[in-house]
Amino acid sequence: MVWMSVIVITIAQFAITYLPPLQSIFNTESIPFFDGVLIIVIGMVFFAMIETEKQLRLRIISLRHMNALSYPKERV
């Protein structure tokens, strides 16, 4: 469901940006091709960084949990 929402919003954004009738309604202009590619590349880089950070965080939490189970604290 989330991906469907992302797809619909992306299509709507492209329509508002590139379709002349919607450009006049929303007072937008087309962006140059290179700028569009740059936007997509920067978005992909940030997405990869965030996903990498999430995976590292999950792995660290998992390792801490495994260590806590392997070495129980001594009772005094």
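All residue numbers for the sequence shown refer to the UniProt record's numbering, where the first residue is 1 and numbers rise by one.
All residues carry an ideal CB built from backbone N, CA and C; glycine is no exception.
Given the structure is predicted, the values throughout are model-derived calculations rather than measurements.
Item	Value
Residue range of the alpha helix (DSSP H) that includes M44	F33 to S70
Short Cβ contact (7 Å threshold) for I16 with L22	yes
Under the three-state DSSP convention, the category S5 falls into	helix
Cα-Cα separation, Q55 to S24	44 Å
Coil, strand or helix - residue 96 by DSSP	Here the chain comprises residues numbered 1 to 76, so residue 96 is not present and cannot be evaluated.
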